[in-house]
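356 is the number of the first residue of the sequence shown in my numbering; add one for each residue after it.
Where is the CB? At the ideal position from N, CA and C, for every residue including glycine.
All figures in this text were calculated on a predicted structure; none of them were measured in a lab.
Input: a single structure, listed below in structure tokens.
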Amino acid sequence: MKVQEMLRLDPFSGAAFVFRSKRADRIKILVWDRTGLVLVHKRLEGCKFVWPTIADGVMRMSPAMFAALFEGLDWRLVRPEEARRPQVAG
């Protein structure tokens with residue numbers, strides 16, 4: 356209901372909706388997997404989740420940012436490896 360009423364988004368879209376606690380050490384993730392709603396709860400021990408900024412009342416994350424957040428990593432410090440350009444074709 357919070358997704359529909361407060362965010363005015365479709366909870367059955369397949370998107371993951373992430374909610375944080377006031378202390379920022381706990382998250383709840385809600386996602387529709389076409390058979391039902393899945394709720395995941397995670398609590399970090401001794402640290403806090405690092406969150407992206409909010410724009411228009413919603414925080415959007417890439418899959419890589421979400422993976423880092425879920426692991427308890429500071430997503431701002433996670434950098435992709437540089438792709439090397441091949442020297443020769445074939």
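**Prompt:** How do the segment 418 to 433 and the segment 399 to 410 stand: do at least 3 beta-carbon pairs fall below 8 Å, yes or no?
**Reply:** Enough Cβ pairs lie closer than 8 Å, so yes.
**Prompt:** Under the DSSP definition of a beta bridge, which residues are partnered with A410?
**Reply:** Here residue 410 is taken as the residue at index 55 of the sequence shown, counted from 1. Paired residue(s): V413.
**Request:** Can you grab the Cα-Cα spacing for the pair A370 / Q359, in whole Å?
**Result:** One-based indexing of the sequence shown puts residue 370 at position 15. One-based indexing of the sequence shown puts residue 359 at position 4. Distance between the alpha carbons of A370 and Q359 is about 13 Å.
**Request:** Within its chain, find whatever has a CB closer than 8 Å to the CB of R378; leave out the 5 residues flanking it on each side and keep chain order.
**Result:** Here residue 378 corresponds to residue number 23 of the sequence shown, with the count starting at 1. Contacts found: K403.
**Message:** Comparing C-alpha positions only, which one of E436, L394, V413, D388 sits nearest to A419?
**Reply:** On the sequence shown, residue 419 is found 64 positions in, with the first residue counted as 1. Of the listed residues, the one whose Cα sits closest to A419 is E436.
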